[in-house]
Structures are given as structure tokens and as C-alpha cells.
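Have a look at the structure below, then the notes.
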């Protein structure tokens with residue numbers, strides 16, 4: 019009963035996150051270095067992810083600093099991973115999931131509110147993309163509720179992302195710190211960490227002892 023109630027609450031939270039009115043990010047990456055900001059529009063990502071053509075200077079620089087070839091980034095961001103909406107929601111609302119989201123928004127967060135709503139914004143994008151039973155980097159990017167910035171300024175933000183790909187990226191290279199590499203690995207990490215519904219335990223009850231018939235004394 020409790021398991022079903024918790025699952026229902028998570029369904030409600032996930033549906034609410036999807037149903038909330040949101041203006042999708044027009045510029046999902048604003049490259050912020052020092053006082054300079056270059057914004058890459060969603061349309062530039064759409065073009066790159068469909069044809070491989072690079073039409074934006076910021077995206078071109080991001081690809082050059084990704085540690086991968088443009089083709090590898092394109093293929094990685096388009097790759098789809100099967101997930102359970104409830105399993106993803108259970109993880110992202112858990113303590114471990116919140117820690118994961120905070121770690122994931124180390125230098126990449128909403129342009130105006132910065133770290134204040136970074137966890138909520140990234141979580142909503144992932145859940146919105148997971149509603150059809152699959153997620154991808156391209157889908158998460160497109161579902162961001164607001165413009166995000168990659169921050170590298172004030173000796174506070176380094177522009178480096180914490181990539182959940184231990185052993186999959188070449189240590190000491192941009193493969194382990196770049197934004198686009200982070201995007202490539204993000205959906206695989208979500209898939210690996212989604213929480214399956216706990217299996218209901220069937221408890222065997224011992225029947226009460228059968229009352230023995232009263233034997234007469236005769």
C-alpha cells in the first residue's frame with residue numbers, strides 16, 4: 019500500500035513537472051568567459067544534430083574544446099536510451115539524485131538565477147524528455163526550461179563540468195571536463211541510476227491453530 023502511494027506521488031510530481039508551463043530555452047548554451055558572453059541558439063544545435071553543419075561560432079568553439087570529434091559529439095548527443103519515467107523521477111527526487119544534479123550543474127546553470135534553481139531546471143528537462151520512455155542529450159537540451167550559461171569567471175566557476183564517465187574519458191583531457199562531453203554522457207548516467215520500483219513482498223501468514231473439538235469425559 020505504501021509502495022503504491024509513493025509511486026503515485028512520484029507520478030504526480032513527474033506529471034506536474036511536465037505539465038508546468040515553461041518557455042523552452044531559446045539559447046540553451048551561453049558561453050560565459052570573464053565578461054564576454056556568446057549565445058548559441060537552439061536552432062544552431064538543431065542544425066548540427068540533424069546535418070552536422072556548424073553554423074554558430076560558440077558551438078564551433080565548444081566542439082573544438084570537447085575532446086571529441088564533431089561527428090562523435092553529434093552521434094553521442096543523438097543516441098537514445100530507454101528509461102522508465104517513474105524510475106528516473108524516483109532517482110532525481112532522491113537524496114542521491116539531488117546530489118547528482120548539484121554536481122552536474124557545477125558550472126552550467128540557468129543564466130539569470132544561476133545556482134538558485136539549477137537542480138530544479140535540469141531535473142525538469144530530464145523528466146520532460148523521459149515522458150516517452152527514452153532520453154537523449156539532444157532531448158534534454160531541447161527541454162531546458164530557460165537559457166543556461168556555461169560559466170568561467172571570477173575564480174568561482176571554472177567552466178569545467180563533472181562528467182559521470184569514470185573510465186570512459188581520457189584523464190587529463192577535455193573529454194572529462196567539457197560541456198559537450200558532459201552532455202554526451204548524461205543520459206547514460208541517468209539510465210544507469212534510475213530506480214526500479216521495489217518488488218512487492220509477499221508475506222506468508224501463519225493460519226491460526228485449529229481449535230480442537232472438546233472431548234467429552236465419557
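Numbering (this note's numbering), first residue to last: 19 to 236. Glycine included, each C-beta is placed from N, C-alpha and C at the ideal position.
| Query | Result |
| --- | --- |
| Assigned secondary structure, residue 163 (DSSP; H/G/I helix, E/B strand, else coil) | coil |
| Buried versus exposed call for residue 92 [16 or more other C-beta atoms within 10 Å across all chains shown] | buried |
| For residue 48 and residue 129, believed in contact at Cβ under 8 Å, the rounded distance | 5 Å |
| Cβ-based neighbour list, residue 171, same chain, cut-off 6 Å, excluding 5 preceding and 5 following | 52 |
| Simplified DSSP state of residue 153, which is helix, strand or coil | strand |
| Nearest residue (CA-CA) to residue 211, options 59, 138 and 106 | 106 |
| Meets three-Cβ-pair contact criterion under 8 Å: the region 129-147 and the region 68-87 | no |
| Residue 198 beta carbon less than 8 Å from that of residue 112 | no |
| Alpha-carbon spacing of residue 63 relative to residue 155, whole angstroms | 11 Å |
| Three-pair Cβ contact test at 8 Å for the region 142-159 versus the region 120-128 | no |
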